Amino acid sequence: MIPAAFDYHRADTLDEALKLLKKHGDDAKVLSGGMSLLPMLKLRLASFAHLVDINRVPGLDYIKEEKGTLRIGAMTRQAALERSDVIKSKYPILADAVPLIADPLVRNRGTIGGNVANGDPGNDQPAIMIALGATFIVRGAKERSVAANQFYKGLYDTALARSEILTEIRIPVPPLKSGGAYTKLKRKTGDFAVAAAAVQLTLGKYGAVERAGIALTNAGLTPIEAVDAAKYLVGKMPDEKTIAEAAKMAAAKSAPSADRRGSVEYKKEMARVLTARALHKAVQRAGGS
Amino acid sequence: MAMHKISVTINGAVREAEVESRLLLVHLIREVFRMTGTHVGCDTSHCGACTVVLDGNPVKSCTVLAVQADGSKITTVEGLEQGGKLHPVQEGFTEKHGLQCGFCTPGMLMTTSALLERNKNPSEQQIREAISGNLCRCTGYVNIVKAVQYAAEKMR
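Top to bottom, those sequences are chains L and P.
Numbers 1 to 289, taken from this note's numbering, label the letters of the first sequence in order.
Numbers 1001 to 1156, taken from this note's numbering, label the letters of the second sequence in order.
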């Protein structure tokens, strides 16, 4: 399959990329890893007159903790996240998820920036970023930041303007007694989730939940933030009964559609089960029981 | 329509081409360079038959633009053999019967040769994970895993 014709532009700096986007307006699209965009173009589900390739823009590929914030450059490949010691040791929610994204060959190209900016509810990292309370740094005429839970507007519709590029992801470094988990059900390697749950918790001195972030992947047109379930957990001991109730509340927020991955009823039930499992794992990792 | 002059080092040789923006890397390799060892399988980034090693990393060449490879080093299955001697993974696939129809084999060889560059002693689990983006519809992977283990031992 061959994409419809387009003009390819290789940006060597961020400013050059932004200039190209400004010049070509709605006809232009940013090309990062290309692992979603190129298949879409080949299947002719999308077409753009201009692609602006940011793969050679320097300084967008890093994973670093600084002053209480984990900063990840948008062009960081999934494979780099998978090998990162910081991610493995301190961000189990991401360490759980990355090996479950697509397959190793795709992860060699695919980027975290592309995953979160794409706006496909099947992408795994948007829900994770919402659970972590992350912020996206966006560059256009000027720089602005958007909270992950304010970013997703609809199917492939995000707060990102066509003239903007998502450049960095900022995650607050989890305090002591924090734990996260990502649980995903998929039919096979390379498939999107039937359902998946992202959970990030912090426990207080006596083991009660102090902060909770819960979000679901592929459970609607956007990642679904389970605000009620998270609120319900705060101040409570995360025991079996509380977790079961929170999982039920999260699943009630999901609005999946029936497809070859299953019926609405099945997907909602899986969202419940996966949320409960992620909560248990997160509690355990936070040092609770 | 803009054409792009590109230059790549493929299997050690510098090759130049003038390509359309939308030309895929796999088509550059097969149709422009006439190296047909790299296969087009599903053409949707699932099967891995088109896997080549791009600047050290195995990637699906049906999902990379040719113009994106400008200035890069590419290794295809034709580049594995050195001086008339098969690469250990090629030997392994021969010795352990790692193929039947052979369609997935070029991709399997590229992924597993890259794996062994990074990890000299992969466990069975690591081998299976590494080839999880390469589909084989004949052998059921058992002999492919054995072939990679054979190669790993040979390379140590």
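A virtual CB, placed ideally from N, CA and C, is assigned to each residue, including glycine.
Computed from a predicted model, the values in this text were never measured in an experiment.
- When rounded, the separation of the alpha-carbon atoms in P/G1107 and L/A95 is 27 Å.
- For the region 1014-1040 of chain P, the set of residues with a beta-carbon nearer than 7 Å to any beta-carbon of chain L comprises S1021 and R1022, in chain order.
- Your pair L/A219 and L/A195 checks out as a contact, with CB atoms roughly 6 Å apart and the cut at 8 Å.
- Here DSSP, grouped into helix, strand and coil, assigns L/Y152 to strand.
- Taken through DSSP and simplified to helix, strand or coil, P/V1014 comes out as strand.
- Flagged as an interface residue toward chain L: P/Q1068, by a C-beta distance shorter than 8 Å.
- Using a Cβ-Cβ cut-off of 8 Å, L/R261 does not count as an interface residue toward chain P, since no Cβ of chain P sits closer than that to its own.
- For L/E16, the enclosing alpha helix (DSSP H) stretches over residues L14 to H24.
- Interface annotation, L/L105: in contact with chain P, CB-CB separation under 8 Å.
- Secondary structure at P/S1007: strand, using DSSP grouped into helix, strand and coil.
- Rounded to whole angstroms, the gap between the alpha carbons of L/A17 and L/D61 is 16 Å.
- Excluding its 5 nearest sequence neighbours in each direction, P/K1154 has C-beta neighbours in its own chain below 8 Å: P1088, E1091 and G1092, listed in chain order.
- In this structure, L/L203 and L/G113 do not form a Cβ contact; the two beta carbons are roughly 31 Å apart against a cut-off of 8 Å.
- By the neighbour-count criterion, in which 16 or more other beta carbons inside 10 Å mark a residue as buried, L/K184 falls on the buried side.
- Residue burial annotation: L/L176 is exposed, with fewer than 16 other C-beta atoms found within 10 angstroms of its C-beta.
- Apart from sequence neighbours up to five positions away, the residues of its chain that approach P/N1011 with a beta-carbon distance below 7 Å are T1075, T1076, E1078 and G1079, ordered along the chain.
- Interface flag for L/L70 against chain P is unset, since no Cβ pair is found closer than 8 Å.
- Only residues of its own chain outside the window of five on either side were considered, and among them V264 have a CB closer than 7 Å to the CB of L/A258, listed in chain order.
- For L/A28, there are no C-beta contacts with chain P under 8 Å, since the nearest C-beta of that chain is about 13 Å from it.
- For the pair of segments examined, the region 72-85 of chain L was found not to touch the region 1019-1034 of chain P: the number of CB pairs separated by less than 8 Å stays below three.
- Put simply, the CB of P/L1109 is far from chain L, with every gap to its CB atoms at 8 Å or more.
- L/D191: not part of any beta strand (DSSP E); DSSP gives it neither H nor E.
- The alpha carbon of L/V227 has as its nearest neighbour, out of L/I169, L/N149, L/D191 and L/D103, the alpha carbon of L/N149.
- For L/G190, the residues of chain P that pass the 7 Å Cβ criterion are H1046 and G1133, in the order they occur in the chain.
- Within 10 angstroms of the beta-carbon of P/V1142 lie fewer than 16 other beta-carbons, which makes it exposed.
- Excluding its 5 nearest sequence neighbours in each direction, L/A247 has C-beta neighbours in its own chain below 6 Å: R272, T275 and A276, listed in chain order.
- Per DSSP, L/R44 lies in no beta strand (DSSP E) segment and is marked neither H nor E.
- By the neighbour-count criterion, in which 16 or more other beta carbons inside 10 Å mark a residue as buried, L/I2 falls on the exposed side.
- For the pair L/L160 and P/K1146, the Cα-to-Cα distance works out to about 48 Å.
- Closer than 9 Å at the C-beta level to chain P, one finds no residue of the region 209-220 of chain L.
- Bounds of any alpha helix (DSSP H) do not take in L/D7; it lies within the beta strand (DSSP E) bounded by D7 to R10.
- Counting the other CB atoms within 10 Å of its CB gives L/M35 a total of 16 or more, which places it among the buried residues.
- Annotation: Cβ neighbours of P/A1130 in chain L (cutoff 8 Å, chain order): P104.
- Within 10 angstroms of the beta-carbon of L/K188 lie fewer than 16 other beta-carbons, which makes it exposed.
- L/I128 carries a helical assignment under DSSP once its states are collapsed to helix, strand and coil.
- L/K22 places its beta carbon less than 8 Å from that of L/S163.
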